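A.B. asks: Residue numbers (this note's numbering): 620 to 806. For each residue, glycine too, the CB sits at the ideal point set by N, CA and C. Predicted, not measured: the structure shown is a model, and the values here were computed from it. Dropping a structure here in structure tokens format, bear with me for questions.
Listed below in structure tokens is the structure:
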């Protein structure tokens, strides 16, 4: 795991990222240890996604029993968080930016926390019927746009690529996520 100091630094970096401030990179641990430590974001968000999976499980629907269903959901969650960073190992090399991989990927992972936390929370509250679906219908597209904007900024600065390339990388992440979700849904 990461220390309180590393967490505070990363959160400071995220705050600067959301102001489009290049100084943000000074606050992220851009080492291999910092890369693996950034996945604390996925760990922190996991209870919300697992909670959604439990709520959405329908015992009357033909398919997997609860435990195998949850195993598939957990594996899907792990795949969703790791597929893009894995693909970017190769893409960054193809772009001639392999040395900048960690300068990109560490902030990119951390950047997702302020976007995913409210989205996952609203999804869960909507599933529990504590919020009307219209809240999610408004928030979902807003988060997608914010993800595209901030993801493009992080890719551009982190990998030192032009805006078009940076936008393409955000699109790649989105498409890989859709493909992973589709593949998992076939189980």
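1) Tell me which residues share the same chain as residue 792 and place their Cβ nearer than 6 Å to its Cβ, disregarding the 5 neighbours each side in the sequence.
2) Would you tell me roughly how many angstroms separate the C-alpha atoms of residue 720 and residue 781, rounded to the nearest one?
3) Drop a sphere of 10 angstroms on the beta-carbon of residue 701, count the other beta-carbons inside from all chains shown, and report buried for 16 or more, exposed for fewer.
4) How about residue 803 and residue 641: are their beta carbons less than 8 Å apart?
5) Output the distance between the C-alpha atoms of residue 788 and residue 726, rounded to the nearest integer angstrom.
6) So is residue 688 buried or exposed if we call it buried at 16+ other beta carbons inside 10 Å?
7) Is the separation between the beta-carbon of residue 797 and that of residue 739 shorter than 8 Å?
C.D. replies: Considering the structure as presented:
1) Within the chain shown, residue 792 is the residue found at index 173, counting from 1. Hits under 6 Å: 703.
2) Here residue 720 corresponds to residue number 101 of the chain shown, with the count starting at 1. Here residue 781 corresponds to residue number 162 of the chain shown, with the count starting at 1. Cα-Cα distance, rounded: 15 Å.
3) Here residue 701 is taken as the residue at index 82 of the chain shown, counted from 1. Counting Cβ neighbours within 10 Å, residue 701 comes out exposed, since fewer than 16 surround it.
4) Sequence index remark: in the chain shown, residue 803 carries index 184 (1-based). Sequence index remark: in the chain shown, residue 641 carries index 22 (1-based). Cβ atoms of residue 803 and residue 641: not closer than 8 Å.
5) The count along the chain shown starts at 1 and reaches residue 788 at position 169. The count along the chain shown starts at 1 and reaches residue 726 at position 107. So the alpha carbons of these two residues sit roughly 14 Å apart.
6) Counted from its first residue, the chain shown places residue 688 at position 69. Per the 10 Å Cβ criterion, buried.
7) The sequence position of residue 797 within the chain shown is 178, counting from 1. The sequence position of residue 739 within the chain shown is 120, counting from 1. Going by C-beta atoms, residue 797 is not nearer than 8 Å to residue 739.
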